[in-house]
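Here's the structure we're looking at; comments come further down.
Numbering (the working numbering), first residue to last: 14 to 159.
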């Protein structure tokens, strides 16, 4: 399944996963920029960004020892929705202290939270995107050799 096919599929869990990838990148980028202005929330954003990468990109989690529980959690949409809710709430709380660039990842985390809540409400099964999973990367490597 290609990227365009995934967008056309209408599965909220795929949208949530794409939102998670975007959120993790934004959390790391803006976490560094916020680290000196609001050190506590910058560090929280960096930690959340690394955790989301491990949660959403399972082949990276497989490379690190002791991440079996994260891999197990990554298939449960209810737990993912709760994680996104907690992460988004922590970033929204940082805006009480000062409005900063951390607002951007807070918005993307909130979008991911809503996608996962919609997926749970629809009763969708956990589906991984083939673009950044180990099967998708293996397929890309095989196709590039041919």
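Backbone N, C-alpha and C fix where the C-beta goes; we use that ideal spot for every residue, glycine too.
*First and last residue of the alpha helix (DSSP H) that includes residue 9?*
It is not possible to answer for residue 9, since the shown part of the chain is limited to 14 through 159.
_Coarse secondary structure for residue 23, derived from DSSP in three states_ = As a first step, residue 23 is located in the chain shown; it is residue number 10 there, counting from the start. Looking at residue 23 - three-state DSSP - the assignment turns out to be coil, as it is neither helix nor strand.
*For residue 33, which residues of its own chain have a beta-carbon under 6 Å away from its beta-carbon, when the five flanking residues on both sides are left out?*
Residue numbering aside, residue 33 sits at position 20 when the chain shown is read from its first letter. Around residue 33: 65, 69 and 125.
_Pair within 9 Å by beta-carbon distance, residue 121 and residue 35_ = Within the chain shown, numbered from 1, the residue matching residue 121 stands at position 108. Within the chain shown, numbered from 1, the residue matching residue 35 stands at position 22. Yes, the Cβ-Cβ distance between residue 121 and residue 35 is below 9 Å.
*DSSP state of residue 11, grouped into three classes?*
Past the edges of the chain, shown from 14 to 159, lies residue 11, and the structure says nothing about it.
*Of all the options 28, 23, 40 and 100, which has the alpha carbon lying nearest to the alpha carbon of residue 117?*
Residue numbering aside, residue 117 sits at position 104 when the chain shown is read from its first letter. Comparing Cα positions, the closest option is 40.
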